[in-house]
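K.L.:
Using the working numbering, the first residue of the sequence shown is number 5, and each one after it goes up by one.
The beta carbon of each residue, even a glycine, is placed where N, CA and C say it ideally should be.
In this text the structure is predicted, and so the values were computed from the model without any measurement.
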Amino acid sequence: MKEKIIEIHCAEEFDKMFLHLDSKYFNCRMGLLTNDLEILFSLKEKDLQEAYKKLLNSDNTYTKFEYLVEYEKEHYIAFNCYIPYINPENKLYEVEKEEALKLSQTELFKDVRLVFGNLKIGSILGYGHEFLFLIPVTIDETKLHQMEKEIYKAMYPFYSQGVKNHEERKNL
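1. Here's the rule: buried if 16 or more other CB atoms are within 10 angstroms of the residue's CB, otherwise exposed. What is residue 4?
2. Take the Cβ of residue 138 as the centre, count every other Cβ of all protein chains shown within 10 Å, and call the residue buried at 16 or more, exposed below.
3. Name the residue from 85, 6, 77, 76 whose alpha carbon lies nearest to the alpha carbon of residue 153.
4. So what does DSSP say about residue 149, is it helix, strand or coil?
5. Do residue 133 and residue 96 have their beta-carbon atoms positioned less than 8 Å apart in this structure?
6. Cβ atoms of residue 116 and residue 108: under 8 Å apart, would you say?
7. Starting from residue 190 and walking both ways along the beta strand (DSSP E), at which residues does that stretch end?
8. Report the three-state DSSP secondary structure of residue 155 (helix, strand or coil).
9. Quick check on the DSSP output: the alpha helix (DSSP H) that includes residue 102 runs from which residue to which?
10. Along the chain, where does the beta strand (DSSP E) that runs through residue 11 open and close?
11. Helix, strand or coil, according to DSSP, for residue 54 in the structure here?
12. Return helix, strand or coil for residue 111, following the three-state DSSP convention.
13. Is any heavy atom of the ligand NAP found at a distance shorter than 7 Å from the C-beta of residue 52?
14. Suppose the cutoff is 8 Å on Cβ atoms and the five residues either side in sequence are ignored; what does the same chain contact list for residue 49 look like?
15. Thinking residue 136 and residue 82 are a contact (beta carbons under 8 Å), I'd like their distance in whole angstroms, please.
16. If residue 101 and residue 113 are in contact, beta carbons under 8 Å, what's the gap, nearest whole angstrom?
17. Give the C-beta separation of residue 6 and residue 74 to the nearest angstrom, bearing in mind that I take them to be a contact with Cβ-Cβ under 8 Å.
Below is the structure:
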């Protein structure tokens, strides 16, 4: 049985995992999606072609966080939530983690895998919180759009408003 929730504890571990997330299907690590017909036609698997079309039909608010990946021989739409921080003890990570885990336990996200970690990114960059929702490419387009909205609503208020703890979260 494949792991549904995977917590990564160091950047090297995450980098190793990204080697398993085959890079031939996404435009860049941050997932900037462009309307590139060459990419669409280069995708041999029908499920990937359909997933790419779903992403092209998504609201631009979300597609900057999404890309196609292969992990453990399965294809996914990856929705990436990432924010850099200098302080590794930042309470925001625990709040984000709680929200991501809550989402992953809902019926809507029952087939979604969650990969996350609070990672040291390098001496200059400091630390980053990375949350990667791996959504099966065969997902219904309407359901995908619901998931996009739920992930964005649950995860991105923290970044845009600098929320640092549970008390501040309640005041959003």
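P.N.:
Checking against the coordinates, here is how it stands:
1. Nothing can be reported for residue 4, as the shown portion of the chain is limited to 5 through 176.
2. Working through the sequence shown from its first residue, we reach residue 138 at position 134. The residue is buried, with at least 16 neighbouring Cβ atoms inside 10 Å.
3. For the purposes of this step, residue 153 is taken as residue 149 along the sequence shown, with counting starting at 1. Of the candidates 85, 6, 77, 76, the one whose C-alpha sits nearest the C-alpha of residue 153 is 85.
4. Taking the first residue of the sequence shown as position 1, residue 149 is located at position 145. Of the three classes helix, strand and coil, the one that applies to residue 149 here is helix, per DSSP.
5. Taking the sequence shown and counting its residues from 1, the one referred to as residue 96 is at position 92. Taking the sequence shown and counting its residues from 1, the one referred to as residue 133 is at position 129. In this structure, residue 133 lies closer than 8 Å to residue 96 by Cβ.
6. To locate residue 108, count along the sequence shown from 1; it is residue 104. To locate residue 116, count along the sequence shown from 1; it is residue 112. Contact: yes.
7. In the structure as shown, the chain begins at 5 and stops at 176. Residue 190 is therefore absent and cannot be evaluated.
8. The residue given as residue 155 occupies position 151 in the sequence shown. In the structure shown, residue 155 sits in a helix (DSSP, three-state: H, G or I).
9. As a working note, residue 102 is residue 98 in the sequence shown. Note, residue 102: alpha helix (DSSP H), 96-108.
10. Here residue 11 corresponds to residue number 7 of the sequence shown, with the count starting at 1. Run containing residue 11: 9-12, per the beta strand (DSSP E) assignment.
11. On the sequence shown, residue 54 is found 50 positions in, with the first residue counted as 1. Note: residue 54 maps to helix in three-state DSSP.
12. Here residue 111 refers to the residue found at position 107 of the sequence shown. Residue state, collapsed to three classes: helix.
13. The ligand NAP is not part of the structure shown, which contains no ligands of any sort.
14. Residue mapping note: residue 49 aligns to position 45 of the sequence shown, counting from 1. Closer than 8 Å at the Cβ level, and outside the excluded window around residue 49, lie 79.
15. Walking along the sequence shown from the start, residue 136 turns up at place 132. Walking along the sequence shown from the start, residue 82 turns up at place 78. Cβ-Cβ separation between residue 136 and residue 82: approximately 6 Å, consistent with a contact (criterion under 8 Å).
16. Residue 101 sits at position 97 when you count from the first residue of the sequence shown. Residue 113 sits at position 109 when you count from the first residue of the sequence shown. Contact doesn't hold; Cβ gap of about 15 Å is too wide.
17. Here residue 6 refers to the residue found at position 2 of the sequence shown. Here residue 74 refers to the residue found at position 70 of the sequence shown. So it is not a contact: roughly 14 Å between Cβ atoms.
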